[in-house]
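Accompanying notes for the structure given below.
2 protein chains.
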Amino acid sequence: MSPTVDKRPIQFSLDPKSGVPYYKQIILQVEFAIADGRFVTGDQLPTVRSLAVELKINPNTVARAYNELEIRGIVTTQQGTGTFISNRTIRLTEVEREGMLEGLIRPLITKAASYGFAMDEVINAIRDSYEGIEPRGEEKS
Amino acid sequence: MSPTVDKRPIQFSLDPKSGVPYYKQIILQVEFAIADGRFVTGDQLPTVRSLAVELKINPNTVARAYNELEIRGIVTTQQGTGTFISNRTIRLTEVEREGMLEGLIRPLITKAASYGFAMDEVINAIRDSYEGIEPRGEEKS
DNA sequence: CACATAGTATTAATTTACTAGTACAATGCA
DNA sequence: TGCATTGTACTAGTAAATTAATACTATGTG
Numbered sequence: 259m260s261p262t263v264d265k266r267p268i269q270f271s272l273d274p275k276s277g278v279p280y281y282k283q284i285i286l287q288v289e290f291a292i293a294d295g296r297f298v299t300g301d302q303l304p305t306v307r308s309l310a311v312e313l314k315i316n317p318n319t320v321a322r323a324y325n326e327l328e329i330r331g332i333v334t335t336q337q338g339t340g341t342f343i344s345n346r347t348i349r350l351t352e353v354e355r356e357g358m359l360e361g362l363i364r365p366l367i368t369k370a371a372s373y374g375f376a377m378d379e380v381i382n383a384i385r386d387s388y389e390g391i392e393p394r395g396e397e398k399s
Numbered sequence: 259m260s261p262t263v264d265k266r267p268i269q270f271s272l273d274p275k276s277g278v279p280y281y282k283q284i285i286l287q288v289e290f291a292i293a294d295g296r297f298v299t300g301d302q303l304p305t306v307r308s309l310a311v312e313l314k315i316n317p318n319t320v321a322r323a324y325n326e327l328e329i330r331g332i333v334t335t336q337q338g339t340g341t342f343i344s345n346r347t348i349r350l351t352e353v354e355r356e357g358m359l360e361g362l363i364r365p366l367i368t369k370a371a372s373y374g375f376a377m378d379e380v381i382n383a384i385r386d387s388y389e390g391i392e393p394r395g396e397e398k399s
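Chains A and B supply the protein sequences, listed in that same order. Position 97 of the first sequence, counted from 1, bears residue number 355 in our numbering, the numbering being contiguous throughout. Position 40 of the second sequence, counted from 1, bears residue number 298 in our numbering, the numbering being contiguous throughout.
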């Protein structure tokens, strides 16, 4: 019930000790926020400068993260206006979608197999993981 | 029909133009060979030196690959003896196994979701991928 | 136009990753 | 023991990745 803002602006944070580069941490946090519905199509991301100040890093680092996200079609940027979540699902053809999924899955399959996991184990684990993600609906009390 | 050896020694190969570091290419080829049954528990990998000569790279690069594979529990090395495929599935507790699967799956889920893939699409794609891998059994005609 | 706000470009410093050179240490067997 | 075979350690050179300094360009509003 904060009187000023209605949508909390999403908390970004960086872990310098993780070994994961800053720009990748930002990308992951955006991806995750989309995955669980905290970001939806049309939402504006923090500005390059504001996020840079908040995280105490250089604006270029934030810009790089936003840039990669735009290359992947996840966000749209307009100079002078801002960076926004795009409606990415519409932007891919069926062939592109399948190719991308294949690329995401192939390494998982190979590694899982070499560690001795059977297909059913993998699929069950995936089902479990999806239970932790709210499927884009509202979740007010 | 080679008169000397009965088990073909598995062809390793490197692609310098792929951008994937040599040691990772070796790891992937071992993982894949295990996944489709060309390597089974107890098999000896090529020696560090022989593979280095064959691939025209430094022994340390091969050693690094074998090292990571050992850290992951996929192979066992004995100085002076050789490097062998270990019986990894036995070496992990149930908890460790689940944790490892979780670690493999989490990034996939997040990315897939941010690209707009539904759980069913992911699972179907995984089923398709597994069709390309022989499930460790004999596959004679 | 003036100005605030937003993303972009160029350059460079620093760190990390990758590979190779070379020498060392452990195992097994005659 | 002597020696061949196997993995290991240490060092260093090169390339790539990561981040920052700084200055620039585009958009919107009065």
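We put the CB at the ideal spot given by N, CA and C, even for glycine.
Query - Rounded Cβ spacing between M377(B) and Y280(A) (contact assumed at less than 8 Å) - result: Actually they do not touch by this definition, with Cβ atoms about 30 Å apart.
Query - Own chain, CB closer than 6 Å to S271(B), minus 5 neighbours either side, in chain order - result: none
Query - Beta-carbon separation (whole angstroms), I268(A) vs A291(A), contact threshold 8 Å - result: 6 Å
Query raised in the report: What residues of chain A sit near K369(B), judged by a beta carbon separation below 8 Å?
Result: E289 and L362
Query raised in the report: Does DSSP put Q336(B) in a helix, a strand or coil?
Result: DSSP, reduced to helix, strand and coil, places Q336(B) within a strand of the structure shown.
Query raised in the report: If we count the other Cβ atoms within 10 Å of its Cβ and call it buried at 16 or more, is S372(B) buried or exposed?
Result: buried
**Report entry** Short-range partners of chain A found in the stretch 336-349 of chain B, where Cβ spacing is below 8 Å
**Finding:** For the stretch 336-349 of chain B, the set of residues with a beta-carbon nearer than 8 Å to any beta-carbon of chain A comprises R346 and T347, in chain order.
Query - Same chain, Cβ closer than 7 Å to R296(B), neighbours up to 5 away in sequence not counted - result: I268
Query raised in the report: If we cut at 7 Å on Cβ distances, does G357(A) have a partner in chain B?
Result: no
Query raised in the report: For a contact meaning CB atoms closer than 9 Å, what does F375(B) contact in chain A?
Result: Proximity of chain A to F375(B) at the Cβ level (cut-off 9 Å) is accounted for by T347, R355, M358, L359 and L362, in chain order.
Requested in this report: Give the straight-line distance between the Cα atoms of R307(B) and K369(A), rounded to the nearest whole angstrom.
Outcome: 26 Å
Query raised in the report: What does a CB cutoff of less than 8 Å around L366(A) pick up in its chain, not counting 5 residues either side in sequence?
Result: V380
Query raised in the report: Taking 6 Å as the cut-off, is the CB of G277(A) close to at least one heavy atom of the ligand NAP?
Result: Although the ligand NAP was asked about, the structure shown includes no ligands whatsoever.
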